[in-house]
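Participant: Sharing a structure with you now.
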Amino acid sequence: MRAVRVSEYGGPEVLVPVELPDPVAAAGEVVLRAEAIDTIYLETQIRGGWGEMFGIELPYVPGGAAAGTVVSVGPGVDPSWRGRLVLARLGTQGAYAELVRTSIDQLVPVPDGLGLREAAALAHDGVTGIGILEAMAIKPSERVLILGAAGGMGTLLVQLAHAAGAQVVGAARGAQKLGLVKRLGADAVIDYSEAGWVENVQAAFGGLPVDVLLDGVGGALGTEAFALVAHGGRVSAHGAASGGFAELDEADVSARGILVRGIEDVQFETSQAQRLATEALAQTAAGSVRPAIAREFALSDAAEAHRAIEARSIPGKAILIP
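Numbering-wise (UniProt numbering), the sequence shown opens with residue 1 and increments by one.
Shown next, in the form of structure tokens:
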């Protein structure tokens, strides 16, 4: 089978197309023929040298999720799985390939009416997005600020917060991305690459503080946005697209009575992740939300996809097609 493998950490050029033996399903496993493969920013960071943090040993096949058709089942697996359309959530590796082997407890059936590209795009961002919305318990009319609103997960968070009845301000970089965020339901959009962006957020909320901050960027931007959060507000500091998480003063957090949830709070156990994935697929099939797929790349062009992700040159999701 064709796959993409990383043999040394480095830039996108270390993503090398290779031929590997076809996988064989062991007991409790299936093999699916991937038709769409998810990509997320974290995969660029792992490729760049974060592998040890996630227990990855070189060489490895990147990718944490793919959608496709089950083509074979291992011993002890119900044969009715064969031929079914599924989403497979693998963790952190193994998905950048034509054929993907996984255990059955990592499978989510794709509902009727939902395409495999959309299913793949929801594998990580849909799970995390719905998990964040549940944890933040957003109420109608609350003021919600979303940093990184034009990314794969940010675009879902905009739609979910809007559907919850919140007043949503989406912050991103550049007119193209801001236009997408506005079309997805944000009440106002702010370019955080411009001077005075914090004051622009305040103006968008009529001078009132932020009830909920959903920070998918981190770094200095996340720290600046935290200053806008109301006493008793809630913060999800789940993103590090800037290269690191926002640095928050614990004494300030405590004094203002702010609930802060971090990246560790969106690392769900298998059963909870499967529930959230099922919910994400169901909501999308019903038309409640939709993943913003910006561009599709051939599997052999995975390096080009990583370059685009790192350059933040595309609004929304990048998907690989074997």
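Ideal Cβ placement from N, Cα and C applies to all residues, glycine included.
Within the chosen definition, does the stretch 293-303 reach the stretch 264-274 through at least 3 CB pairs nearer than 8 Å?
Facilitator: No contact exists between the stretch 293-303 and the stretch 264-274.
Participant: Secondary structure at arginine 307, three-state DSSP: helix, strand or coil?
Facilitator: helix
Participant: Going by other Cβ atoms of all chains shown within 10 Å of its Cβ, with 16 needed for buried, is proline 288 buried or exposed?
Facilitator: With the sequence shown as reference, residue 288 is identified as serine, and proline is not the correct amino acid for it. By the neighbour-count rule (16 or more Cβ atoms within 10 Å), serine 288 is not buried but exposed.
Participant: Where do the ends of the beta strand (DSSP E) carrying alanine 175 lie?
Facilitator: From DSSP, alanine 175 is part of no beta strand (DSSP E) but of the alpha helix (DSSP H) over 175-183.
Participant: Considering only DSSP beta bridges, list what phenylalanine 297 is partnered with.
Facilitator: Leu320
Participant: Using only the alpha-carbon positions, how far apart do proline 62 and arginine 117 sit?
Facilitator: 18 Å
Participant: From this set, Phe245, Leu208 and Gly207, which residue's C-alpha is nearest alanine 220's C-alpha?
Facilitator: The candidate whose alpha carbon is nearest that of alanine 220 is Phe245.
Participant: Taking just the CA atoms, how far does glutamine 159 sit from residue 332?
Facilitator: Because the chain here runs from 1 to 322, residue 332 falls outside it and cannot be looked at.
Participant: Can you grab the Cα-Cα spacing for the pair glycine 113 / alanine 120, in whole Å?
Facilitator: 14 Å
Participant: Where does histidine 162 sit, in a helix, a strand or coil, going by DSSP?
Facilitator: When DSSP states are grouped into helix, strand and coil, histidine 162 belongs to the helix group.
Participant: Does the beta-carbon distance from alanine 65 to alanine 123 come in below 8 Å?
Facilitator: yes
Participant: Use the C-beta contact count for glycine 11: other C-beta atoms within 10 angstroms, 16 or more gives buried, fewer gives exposed.
Facilitator: exposed
Participant: Does DSSP put valine 235 in a helix, a strand or coil?
Facilitator: strand
Participant: Considering only residues of the same chain and omitting the five flanking positions on each side of isoleucine 138, which have a CB-CB separation below 7 Å?
Facilitator: Val144, Ala161, Ala164, Ala166 and Val212
Participant: Mapping DSSP to helix, strand and coil, what is proline 315?
Facilitator: Proline 315: coil per DSSP, three-state reduction.
Participant: Per the DSSP calculation, isoleucine 37 is bridged to which residue(s)?
Facilitator: Ala66 and Leu320
Participant: Does DSSP put aspartate 249 in a helix, in a strand, or in coil?
Facilitator: coil
Participant: Quick check on the DSSP output: the beta strand (DSSP E) that includes leucine 133 runs from which residue to which?
Facilitator: First-last for leucine 133: 125-136, but that is the alpha helix (DSSP H), not the beta strand (DSSP E).
Participant: How is leucine 32 classed by DSSP in three states: helix, strand or coil?
Facilitator: strand
Participant: Which ranges would you report for the beta strand (DSSP E) in the stretch 66-113 if only whole runs of at least 3 residues count?
Facilitator: The qualifying runs are 85-89, 99-103 and 107-109.
Participant: Using 8 Å for Cβ pairs, my map puts alanine 318 next to alanine 308. What's the rounded Cβ distance?
Facilitator: 6 Å
Participant: In chain order, what residues of the same chain lie with their CB nearer than 7 Å to the CB of proline 59, ignoring the 5 residues before and after it?
Facilitator: Counting only Cβ-Cβ distances below 7 Å, and skipping sequence neighbours, we find Arg5, Val6 and Ser7.
Participant: Which one of Glu13, Ile130 and Phe205 has the shortest CA to CA distance from leucine 228?
Facilitator: It is Phe205.
Participant: Flag this pair as yes or no: are the beta carbons of valine 168 and isoleucine 190 separated by less than 8 Å?
Facilitator: no
Participant: Rounded to whole angstroms, what is the Cα-Cα separation between methionine 153 and glycine 170?
Facilitator: 12 Å
Participant: Contact between the stretch 24-36 and the stretch 66-75 is defined here as three or more beta-carbon pairs at a separation below 8 Å; is this criterion met?
Facilitator: In this structure the stretch 24-36 lies against the stretch 66-75, because at least three pairs of beta carbons, one per stretch, are closer than 8 Å.
Participant: Find out if the Cβ-Cβ distance for the pair leucine 259, valine 110 is shorter than 8 Å.
Facilitator: no
Participant: Using only the alpha-carbon positions, how far apart do glycine 262 and leucine 180 sit?
Facilitator: 26 Å
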